[in-house]
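**Student:** Mind looking over this structure? Questions follow.
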């Protein structure tokens with residue numbers, strides 16, 4: 019995840035998440051609900067188990083709004099704590 023300040027409280031963000039299949043729909047919905055565009059979904063391996071999907075995203079907006087959107091997205095993921 020990368021935040022690049024663009025002035026006046028705004029930022030451009032880009033990044034990608036590595037997800038299992040059950041997370042793809044939930045994460046995509048959370049990103050889109052926050053105004054963050056999904057730019058690609060793909061996989062790298064042919065026989066990985068569990069099957070992994072790489073979801074790339076991008077947005078340019080108010081930095082605090084984007085941070086809240088990413089937090090909401092991370093809350094939808096099965097993260098190790």
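Numbering (the working numbering), first residue to last: 19 to 99.
Where is the CB? At the ideal position from N, CA and C, for every residue including glycine.
On the DSSP letters alone, give me the boundaries of the alpha helix (DSSP H) that residue 93 sits inside.
**Tutor:** 81-93
**Student:** Going by Cα to Cα distance, which pick from 66, 22, 20, 47 is closest to residue 90?
**Tutor:** 47
**Student:** Would you identify the three-state DSSP class for residue 73, choosing helix, strand or coil?
**Tutor:** strand
**Student:** Could you give the distance in angstroms between the alpha-carbon of residue 25 and the alpha-carbon of residue 94?
**Tutor:** Roughly 30 angstroms between the two C-alpha positions.
**Student:** Which residues in the same chain as residue 39 place their Cβ atom closer than 8 angstroms to its Cβ, once the five residues preceding and following it in sequence are excluded?
**Tutor:** 68, 69, 71
**Student:** Please say whether residue 32 and residue 3 have beta carbons closer to each other than 7 angstroms?
**Tutor:** Shown here, the chain extends from 19 to 99; a query on residue 3 therefore has no answer.
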